[in-house]
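Okay, so the sequence shown: first residue is 178 according to the working numbering, each after it adds one.
Right, one structure below, let's go through it.
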Amino acid sequence: MITFFRKIRRTLLSKGRIGYLKYAFGEIVLVVIGILIALAINDWNEHRKGIDRKNALLTSIQREFTQNLQQLDTVLRYDDLVVRSSYEFLKISHTDSILNDADYIRNLLQNTSWTWTFDPQNGALQSGISSGEINLIINEDLTNMLFSWKDLVADAREDELRSLDTRLAAKPVIEKYVRNVDYRSTDRTEMGKSKFSSDYRGLVQDPLFEDYISDRYSRMTDAVNELKSVRELNLKIIQLAEEELSESK
């Protein structure tokens with residue numbers, strides 16, 4: 178057997194086949210290397226595309242949450258005004274000098290009637306969750322915050338709606354003593370004062386109104402506290418999104 182293979186090798190050597198085999202082997206090696214390079218380039222391209230999609234998502238989320246923050250600050254400003262005005266109402270119910278100040282009470286009443294709600298834009302976030310591209314985000318803390326955002330906003334919304342329900346329930350009590358046109362600034366501007374007098378003293382000293390103001394104060398305070406938690410999360414999401422974008426560039 179060994180002698181047989183030696184004869185074959187001598188025959189190939191005599192015909193120059195070794196050079197051909199070396200050439201063929203070299204070609205195979207080059208083809209393999211080419212395939213490996215092509216695969217590596219394809220992997221790099223796919224990785225780059227993934228980074229581009231992630232950066233596009235983060236940019237949209239950052240823009241969206243920046244707009245949400247602006248809206249949230251406006252809502253908090255008016256909600257805080259409701260809380261402070263409600264608290265002031267609870268303090269003045271037995272203060273004669275203030276009870277005689279119709280303009281002051283009218284302004285407080287107007288301030289307690291604000292009904293702003295936080296309605297964030299979630300288009301980019303929902304798109305990222307639906308497409309699965311949110312999983313391209315490297316920072317796990319950011320991903321977890323984005324997934325928890327909806328639930329935290331829903332909790333705040335519940336408190337906002339409870340406060341709104343309280344306001345609507347008090348409408349008959351307020352209308353018993355005060356003409357709408359007297360304490361709604363837009364109505365007063367367009368229609369002038371009512372020809373019927375409003376009894377602000379009677380309103381403030383009515384136990385049902387006191388109950389309303391107490392509930393309004395309590396429930397709006399809860400809503401403000403929830404919204405402040407939402408604001409903290411909103412700020413953190415913007416910060417972490419910006420950090421990951423900077424690292425990806």
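From the three backbone atoms N, C-alpha and C, an ideal C-beta is built for every residue, glycine too.
Exercise. Looking only at C-alpha atoms, which of D229, N245, R396 sits nearest to D336?
Worked result: Checking every option, the nearest Cα to that of D336 belongs to R396.
Problem set entry | Outcome for E317 when other beta-carbon atoms lying within 10 angstroms are tallied against a minimum of 16 | Exposed: under 16 other Cβ atoms inside 10 Å.
Problem set entry | Rounded separation between E421 and A233 - CA only | Straight-line measurement puts the Cα of A233 at about 12 Å from the Cα of E421.
Exercise. Around the Cβ of S423, are there at least 16 other Cβ atoms within 10 angstroms (buried) or fewer (exposed)?
Worked result: With a threshold of 16 other beta carbon atoms within 10 Å, S423 falls short and is exposed.
Exercise. In three-state terms, what does DSSP make of R186?
Worked result: Any reading at R186 must be qualified, since the residue scores a pLDDT of 46, below 50, and its modelled position is unreliable; the value itself is stated next. Here R186 sits in helix by DSSP.
Exercise. How should F373 be labelled, buried or exposed, when 16 other C-beta atoms within 10 angstroms of its C-beta is the threshold for buried?
Worked result: Around the beta-carbon of F373, fewer than 16 other beta-carbon atoms lie within 10 Å, marking it exposed.
Exercise. Looking only at C-alpha atoms, which of R334, Y394, I306 sits nearest to N321?
Worked result: Distances from the CA of N321 to each of R334, Y394, I306 were compared; the closest alpha carbon is that of I306.
Exercise. Between V436 and W291, is the Cβ-Cβ spacing less than 8 Å?
Worked result: It is not possible to answer for residue 436, since the shown part of the chain is limited to 178 through 426.
For this session: Pull up the distance between the alpha-carbon of D328 and that of T251, whole angstroms please.
Result: Using only the alpha carbons, I get a separation of about 21 Å.
Exercise. Can you give the Cα-Cα distance for L249 and A301, rounded to whole angstroms?
Worked result: Cα atoms of L249 and A301: separation of roughly 18 Å, rounded to the nearest angstrom.
Exercise. With C-beta atoms as the reference, is Y377 less than 8 Å away from V355?
Worked result: It is a contact, given that the beta carbons lie within the stated cut-off.
Exercise. Start and end of the alpha helix (DSSP H) containing F324?
Worked result: From DSSP, the alpha helix (DSSP H) with F324 extends over 317 to 354.
For this session: Use the C-beta contact count for Y255: other C-beta atoms within 10 angstroms, 16 or more gives buried, fewer gives exposed.
Result: Answer is exposed; the Cβ neighbour count stays below 16.
Exercise. Between Q239 and I390, which are expected to be in contact by the criterion C-beta below 8 Å, what is the C-beta distance as a whole number of angstroms?
Worked result: Rounded to whole angstroms, the Cβ separation of Q239 and I390 is 40 Å, and the two are not in contact under 8 Å.
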